[in-house]
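Take a look at the structure below.
Protein chains in written order, with the numbering used here: chain B, 98 to 347; chain Z, 3 to 268.
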């Protein structure tokens with residue numbers, strides 16, 4: 098096992114390295130920067146789509162923090178009777194694939210007149226229950242005495258959240274943030290089905306249509322598509338490994 | 003004092019509201035409308051037809067194809083994924099603890115966008131006419147989360163367990179099959195559950211792999227294609243029925259999984 102594991106790890110890493118390597122090769126397998134020139138200088142639709150992805154994934158992640166942290170805290174502190182049934186519902190909803198949720202989302206957006214708008218992509222994703230479940234499981238391990246002590250000083254919920262609740266679960270906050278960002282960065286079905294206008298669409302849609310553009314833009318686009326998540330992963334990978342601990346839902 | 007406590011409790015309950023409101027708005031209420039759509043004949047006449055739509059959908063050859071492919075994916079690819087993730091987690095947790103780089107390599111694919119991954123897969127596996135490359139892509143992308151969950155569970159095991167097992171003369175293989183793996187059974191079960199759920203997301207990889215067409219080869223036709231094509235046709239009845247059927251299937255799978263998990267109460 099000692100010798101096999103690094104080999105397997107290398108196999109897992111190889112596709113990423115291959116993407117980068119192929120982006121610098123011309124059709125005659127010579128080293129070149131022409132592919133990048135084709136993409137960055139001749140393929141203007143790339144820019145709005147790239148920034149749309151940044152905008153959607155960034156805003157969804159930030160908005161999720163505002164929704165998820167209080168909600169997870171509410172689940173751990175509230176004494177409401179229906180709490181555990183509600184949490185079970187969140188778990189089940191978390192497990193529901195897009196094939197189930199996308200039509201309800203579509204109908205909700207249609208009724209609100211939000212189809213083909215940026216908000217239509219952002220809003221349903223903000224309320225995805227994944228973060229709530231993960232963070233609630235993580236908060237189970239923290240003790241309440243600090244919260245009680247803080248409450249002697251203040252009755253402000255926001256102060257309690259910022260000073261006492263969030264610091265011990267920081268790792269989980271970053272892990273959820275990275276996971277949500279990567280997931281939204283990868284979003285494909287929603288822009289395909291909720292959006293008509295090309296200027297609102299995302300990098301995923303660009304990649305799916307990339308064969309229709311001129312020159313060798315595919316691999317450089319794939320590399321630039323990886324870069325933002327790769328950077329975030331570089332900063333937060335240890336948190337991702339420690340913070341996503343929700344395997345035991347009993 | 004009593005008033006103070008009451009207010010705090012109300013506040014903590016109010017924390018749930020924003021999330022809950024969004025979920026009710028975008029998921030729950032529309033879901034009931036979907037349920038209603040699946041029971042009527044069309045958008046305009048709105049006549050109740052009972053289970054006719056369900057009979058039609060279950061008899062539709064493309065729905066059956068999608069369902070068959072999904073089940074095949076679950077049986078073959080999820081099994082492969084869990085086996086690999088389990089072996090890797092065992093090696094990472096008890097073998098070479100210090101090789102953090104290895105661990106990072108397994109978790110990295112989790113954040114790599116499907117569009118980029120499918121592109122390189124296409125160059126690596128050009129000429130293969132089967133769903134096998136996509137199965138491998140699925141394993142590659144989803145092993146990370148399972149490995150994270152399993153290594154976390156393994157590191158929670160008390161070292162005393164190994165010492166006493168070592169004194170009793172248990173070999174390495176027996177130690178793992180009899181003690182360590184059974185001890186993380188709840189997490190293992192959850193990983194299976196999560197992977198089954200993730201297998202429904204294979205559409206993203208498939209769609210990119212076949213260059214954005216809505217008509218992939220039959221072996222890779224999955225439920226989301228069925229949904230997309232009905233979206234294009236604005237056939238809400240077929241869509242709604244497929245969504246309800248999928249939700250029932252997933253509900254059954256999740257409930258079975260969670261019930262099994264609960265049986266390992268320590």
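Glycine included, every Cβ here is placed at the ideal spot set by N, Cα and C. These figures come from a predicted structure and were not determined experimentally.
- Less than 9 Å separates the beta-carbon of residue 301/B from that of residue 116/Z.
- Taking 7 Å as the upper bound on Cβ-Cβ separation, chain Z lies near residues 112, 113, 115, 116, 119 of the segment 112-143 of chain B.
- Residue pairing from DSSP places residue 128/B in a beta bridge opposite 122/B.
- Comparing alpha-carbon positions, the option among 91/Z, 107/Z, 12/Z lying closest to residue 183/Z turns out to be 91/Z.
- With fewer than 16 neighbouring CB atoms inside 10 Å of its own CB, residue 57/Z falls in the exposed class.
- In the three-state reduction of the DSSP assignment, residue 164/B falls in the helix class, which pools H, G and I.
- One finds nothing in chain B with a Cβ atom closer than 9 Å to the Cβ of residue 178/Z; even the nearest lies about 11 Å away.
- Taking the CA atoms as reference points, residue 160/Z sits about 16 Å from residue 189/Z.
- Residues of the segment 253-265 of chain Z with a C-beta less than 7 Å from any C-beta of chain B: 253, 256, 260, 263, 264, listed in chain order.
- Within the segment 100-122 of chain Z, the residues whose Cβ lies closer than 9 Å to any Cβ of chain B are, in chain order, 101, 102, 103, 104, 105, 106, 107, 108, 109, 110, 111, 112, 113, 114, 115, 116, 117, 118, 119, 120, 121, 122.
- Contact check for residue 244/B and residue 262/B: beta-carbon distance about 7 Å, within the 8 Å limit, so the pair qualifies.
- The beta carbon of residue 247/B is closer than 7 Å to those of 257, 260, 261 in its chain, skipping five residues each way along the sequence.
- Here the alpha carbon of residue 125/B sits roughly 15 Å from the alpha carbon of residue 125/Z.
- Annotated three-state conformation of residue 169/Z is helix, per DSSP.
- Comparing alpha carbon positions, the residue from 64/Z, 137/Z, 27/Z closest to residue 208/Z is 137/Z.
- When C-alpha distances from residue 279/B are compared across 155/B, 242/B, 116/B, 221/B, the shortest belongs to 155/B.
- Under the 9 Å criterion on CB atoms, residue 213/B is classed as non-interfacial with respect to chain Z.
- In the DSSP assignment, residue 274/B falls within the unbroken alpha helix (DSSP H) covering 267-282.
- Proximity of residue 244/Z to chain B, defined by a Cβ-Cβ separation below 9 Å, is satisfied.
- With respect to chain B, the C-beta atom of residue 175/Z has no partner C-beta closer than 9 Å.
- Rounded to whole angstroms, the Cβ separation of residue 224/B and residue 164/B is 7 Å, and the two are in contact under 8 Å.
- If you check the CB distance, residue 67/Z and residue 341/B do not come in under 9 Å.
- DSSP, reduced to helix, strand and coil, places residue 50/Z within a strand of the structure shown.
- Interface criterion met: the Cβ of residue 198/B is under 9 Å from a Cβ in chain Z.
- Minimum Cα-Cα distance from residue 27/Z among the listed residues 144/B, 198/B, 333/B corresponds to 198/B.
- Contact check for residue 111/B against residue 321/B fails: the beta carbons are separated by 9 Å or more.
- Non-local C-beta neighbours of residue 95/Z in its own chain, meaning closer than 7 Å and more than five positions away in sequence, comprise 153, 156, 157, ordered along the chain.
- Taking 9 Å as the threshold, the shortest C-beta distance from residue 149/B to chain Z does not fall below it.
- Residues of the segment 126-149 of chain Z with a C-beta less than 8 Å from any C-beta of chain B: 126, 142, 145, 147, listed in chain order.
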